[in-house]
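In the numbering used here, the protein residues as written are 17 to 315. In this text, a Cβ means the ideal position worked out from N, Cα and C, and glycines have one as well. Here the structure is a predicted model, which is why all the values come from computation and not from measurement. Report on the following structure.
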Amino acid sequence: MKKQKIIVILGQTATGKSNLAVKIAKKIDGEVISADSRQVYKNLNIGTGKITKKEMKGVPHHLLDVVDPKKKFTVAEYQKLAISAIAEIVSRDRIPIICGGTGFYIDAITKGIVFPEVLPNPKLRKTLHSKSAIALFEYLKKLDPRRAEDIKNKNEQNNKIRLVRAIEIAKALGKVPELKYDTNSAMAKNVSSYKFIKIGLYLPPDKLKKKIEKRVKKMFQDKLLKEIKSLKKSGVAKKRLKEFGFEYDSPTYEKMVKETIKYTKRQMTWFKRDKEIKWFDASKKNLFAYVSSVLHALK
């Protein structure tokens, strides 16, 4: 039986993933599923670089604006919604196009990862939340050095929610289990019925820096600070805003450019581990035609 083809467009921030996804979707009757850990939240638009209705050009987009920013949302929850969205799109004889820069979200869909089922421990959480992020990170390093290193590589050592959950799992299971593709799991069997074609976009460092500078400048022109003020007014705590990243933590132009460049390096570190990705230089003028020809050859 021929496997259902699913296109995945991934890569660094500011490489034009969303634009390419829309172009491909219009050509092949596709629909886009976002794979961005912050764009799932409502009202986090400017700071996350969320695609606008105008930029969608009529192409349906899924898993944008699905949860209130005051609420927590896990990768396991995302996985369930994404797999459901894929099935729904396929049922209408259209092609799913997964698009985003959050490597963990993409792996959750394409590799059938099985997440540990550890119930929340309210008492432990209350104790842990009273500690600083620095103290939590040091504690996690003692419990599970590998998971601590993974969190550091994602620049999430100040994310108390992520740290508390990692400690919670580590204490329950001895350590946070390595998330692997389990061929016997229902999730893996579901995923195995699809053929994922992974298209990676990158830019040479000098061109990427210019794109990032332009992107950050536009964020401030589009009133990023007003968006932050509006989020606070709606009841999103300052502590919670920090968890959404440097864009929402007293941002300045210089700080955002510097931190975005650092983030793009971490993105590439993550993606380079996946040998299934076919890489394309996003600065090439004939990018769409080139990617289209590759997709056609892979039919």
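Worksheet item: Below 8 Å, can you find three or more Cβ-Cβ pairs linking the segment 83–98 to the segment 235–252?
Response: Put simply, the segment 83–98 touches the segment 235–252. At least three CB pairs are less than 8 Å apart.
Discussion item. Short of 6 Å in beta carbon distance, which residues of its chain neighbour Asn137, apart from the five on each side in sequence? Order them along the chain.
Written reply: These residues qualify, in order along the chain: Glu184.
Worksheet entry | Burial state of Thr118, where buried means 16 or more other Cβ atoms lie within 10 Å | Burial call: buried.
Fill in: Cβ shell of Lys73 (< 6 Å), same chain only, five flanking positions each side left out
So the qualifying residues of the chain are Val38.
Fill in: Status (buried if at least 16 other CB within 10 Å, exposed otherwise) for His77
Counting Cβ neighbours within 10 Å, His77 comes out buried, since at least 16 surround it.
Worksheet entry | Strand pairing of Pro112, partner residues [DSSP] | Note: Pro112 sits in a beta bridge opposite Glu47.
Item to complete: Note down the Cα distance separating Leu217 from Leu159, rounded to an integer number of angstroms.
Response: Spanning the two alpha carbons is a distance of roughly 36 Å.
Fill in: Alpha-carbon spacing of Glu229 relative to Gly190, whole angstroms
Just so you know, the alpha carbons of Glu229 and Gly190 end up roughly 44 Å apart.
Worksheet item: Between which two residues does the alpha helix (DSSP H) harbouring Phe153 extend?
Response: Run containing Phe153: 149–159, per the alpha helix (DSSP H) assignment.
Worksheet item: For Gln20, which beta-bridge partners are listed by DSSP?
Response: Tyr210, per the DSSP bridge assignment.
Worksheet item: What is the DSSP secondary structure of Asp297, counted as helix, strand or coil?
Response: Note: Asp297 maps to strand in three-state DSSP.
Item to complete: Under the assumption that Phe304 contacts Gly27 (Cβ atoms under 8 Å), give the Cβ distance between them as a whole number of angstroms.
Response: With 8 Å as the limit, Phe304 and Gly27 do not qualify as a contact, their Cβ atoms being about 15 Å apart.
Worksheet item: Does DSSP put Val273 in a helix, a strand or coil?
Response: DSSP, read as helix, strand or coil, puts Val273 in helix.
Worksheet item: On the premise that Ile111 lies in contact with Lys21, defined as a C-beta separation below 8 Å, what is that separation, rounded to the nearest angstrom?
Response: Right, the Cβ-Cβ distance comes to about 6 Å (below 8 Å), so this counts as a contact.
Item to complete: Tell me whether Ile25 sits in a helix, a strand or coil according to DSSP, three-state version.
Response: Reduced to three states, the DSSP call for Ile25 is strand.
Worksheet item: How would you call Thr10, buried or exposed, if buried means at least 16 neighbouring beta carbons within 10 angstroms?
Response: Outside the shown range of the chain (17 to 315) lies residue 10, about which nothing can therefore be said.
Worksheet item: Any idea if Thr68 is buried or exposed, counting beta-carbon neighbours within 10 angstroms, 16 or more meaning buried?
Response: Classification of Thr68: exposed, given that the 10 Å Cβ count is below 16.
Worksheet item: Just reading off the alpha helix (DSSP H) that Glu184 is part of, what are its end residues?
Response: In the DSSP assignment, Glu184 falls within the alpha helix (DSSP H) that extends over 176–189.
Fill in: Those residues which DSSP pairs with Leu140 across a bridge
Answer is none; Leu140 lacks a bridge partner.
Practice prompt. Quick one: grab the DSSP three-state call for Ile215.
Written response: Strand.
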